[in-house]
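Sequence lines, in order, name chains A and B. What the first sequence shows, in my numbering, is residues 211 to 325, in sequence order. What the second sequence shows, in my numbering, is residues 1005 to 1117, in sequence order. For reference, the structure is listed below as structure tokens.
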Amino acid sequence: DTAVSQTPKYLVTQMGNDKSIKCEQNLGHDTMYWYKQDSKKFLKIMFSYNNKELIINETVPNRFSPKSPDKAHLNLHINSLELGDSAVYFCASSSSGGDRTYEQYFGPGTRLTVT
Amino acid sequence: GNSVTQMEGPVTLSEEAFLTINCTYTATGYPSLFWYVQYPGEGLQLLLKATKADDKGSNKGFEATYRKETTSFHLEKGSVQVSDSAVYFCALTGNTGGFKTIFGAGTRLFVKA
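Shown next, in the form of structure tokens:
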């Protein structure tokens, strides 16, 4: 009964390839996020969806394209992978409901290595 | 814009020592404040939170008080254990601008037996 799950956990690929990471949450949340964490543990938000609508789109290369088929799923597709894309990518979810705390629940991460 | 500044690590302590990790923030309005913890190889998990001034969040022996007058949310624990070794992130979520959460840079804590 994992709350936020991501697949795959590890992804090793070559420069120029296209890859996708999938995320699913079973918490009934209406908001989902993608974060990138670099080797120094710095966490940067990339995208956020609320009820399948894109609400946060930070300065991220166009090679990154999120897609939310429904409230429980948020996928990340990356085209033409580059060495600098190597990082750990975290999916998270939260509720925008009445308590207004916006605490986030994170998945286990996907470690992407581009060679 | 909103921002979070937390003390640089790593912080190395002996077991049973007192821990303080400083966190200050800049935000308009009344943000919610959080501490998240990341154990090796895992995602972040919420440690504690506070949603209004003077609230104290607490969990697993950790505490932090929302101080609006000093715009701070320092994390404390009276007696750390080896199992507390992790990276700690201070964060805020503003009540404007899409409710984006801003994370601090993280502070790595090592606790020696």
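Note that beta-carbon positions come from the ideal geometry of N, C-alpha and C, so glycine has one too. Everything numeric in this text was worked out from a predicted model, so none of it was measured.
With DSSP as the reference, label residue i as helix, strand or coil.
| i | result |
| --- | --- |
| Val1086 (chain B) | helix |
| Leu1017 (chain B) | strand |
| Leu253 (chain A) | strand |
| Leu293 (chain A) | helix |
| Ala1068 (chain B) | strand |
| Leu237 (chain A) | coil |
| Lys277 (chain A) | strand |
| Thr1028 (chain B) | strand |
| Lys1116 (chain B) | strand |
| Asn285 (chain A) | strand |
| Asn227 (chain A) | coil |
| Asn1099 (chain B) | coil |
| Ser1036 (chain B) | strand |
| Phe1022 (chain B) | coil |
| Thr320 (chain A) | strand |
| Ser258 (chain A) | strand |
| Ala302 (chain A) | strand |
| Ala1011 (chain B) | One point to set straight first is that residue 1011 (chain B) is Met, not Ala, in the sequence displayed. Looking at Met1011 (chain B) - three-state DSSP - the assignment turns out to be coil, as it is neither helix nor strand. |
| Thr1075 (chain B) | coil |
Assuming residue i is part of the beta strand (DSSP E), what are its boundary residues?
| i | result |
| --- | --- |
| Gly1061 (chain B) | Lys1060 to Asn1063 |
| Leu1050 (chain B) | Leu1048 to Ala1054 |
| Tyr1043 (chain B) | It is not in any beta strand (DSSP E) - Tyr1043 (chain B) carries neither H nor E in the DSSP assignment. |
| Asn1006 (chain B) | Here Asn1006 (chain B) belongs to no beta strand (DSSP E), and DSSP marks it neither H nor E. |
| Asn267 (chain A) | Glu263 to Asn267 |
| Asn272 (chain A) | Looking at the DSSP string, Asn272 (chain A) is not in any beta strand (DSSP E), and its letter there is neither H nor E. |
| Ser215 (chain A) | Val214 to Thr217 |
| Thr325 (chain A) | Premise fails: Thr325 (chain A) is in no beta strand (DSSP E) and is neither H nor E. |
| Val1081 (chain B) | According to the sequence as given, residue 1081 (chain B) is Lys; it is not Val. Residues Leu1079 to Lys1081. |
| Gly312 (chain A) | For the record, residue 312 (chain A) in the displayed sequence is Tyr; it is not Gly. First-last for Tyr312 (chain A): undefined, no H or E at that position. |
| Tyr220 (chain A) | Tyr220 to Thr223 |
| Phe1107 (chain B) | Thr1105 to Phe1107 |
Along chain E, in chain order, which residues have C-beta atoms closer than 8 Å to that of residue i?
| i | result |
| --- | --- |
| Leu253 (chain A) | In the structure shown, chain E does not exist; the protein chains are A and B. |
Taking the beta carbon of residue i as the centre, do at least 16 other beta carbons fall within 10 Å, making it buried, or is it exposed?
| i | result |
| --- | --- |
| Phe1022 (chain B) | exposed |
| Val222 (chain A) | exposed |
| Ala1057 (chain B) | exposed |
| Leu284 (chain A) | buried |
| Leu293 (chain A) | exposed |
| Asn1063 (chain B) | exposed |
| Pro1035 (chain B) | buried |
| Val214 (chain A) | buried |
| Lys1053 (chain B) | buried |
| Glu946 (chain B) | Because chain B here runs from 1005 to 1117, residue 946 (chain B) falls outside it and cannot be looked at. |
| Asn289 (chain A) | exposed |
| Ser1087 (chain B) | exposed |
In chain B, what lies closer than 7 Å to residue i by C-beta?
| i | result |
| --- | --- |
| Gly317 (chain A) | Gly1047 |
Identify the contact partners of residue i in chain A, using a Cβ-Cβ distance below 7 Å as the criterion.
| i | result |
| --- | --- |
| Thr1097 (chain B) | Tyr312 |
Output, in chain order, the set of chain A residues within a Cβ distance shorter than 9 Å of residue i.
| i | result |
| --- | --- |
| Lys1072 (chain B) | Correct list: empty, because the minimum Cβ distance to chain A is about 17 Å. |
Anything in chain A within Cβ reach of residue i, meaning under 8 Å, just list it in chain order.
| i | result |
| --- | --- |
| Lys1116 (chain B) | The premise fails here: Lys1116 (chain B) is roughly 20 Å from chain A at the closest Cβ pair, so nothing lies under 8 Å. |
| Lys1104 (chain B) | Ile255, Ser258 and Ile266 |
Give the residues from the segment 257-273 of chain A that approach chain B closer than 8 Å (Cβ to any Cβ), ordered along the chain.
-> Ser258, Ile265 and Ile266
Using a Cβ cut-off of 7 Å, which residues of the segment 1034-1063 of chain B contact any Cβ in chain A, in chain order?
-> Ser1036, Phe1038, Glu1046, Gly1047, Leu1048, Gln1049, Leu1050, Lys1053 and Thr1055
Residues of the segment 228-249 of chain A whose Cβ lies closer than 7 Å to any Cβ of chain B, in chain order | none
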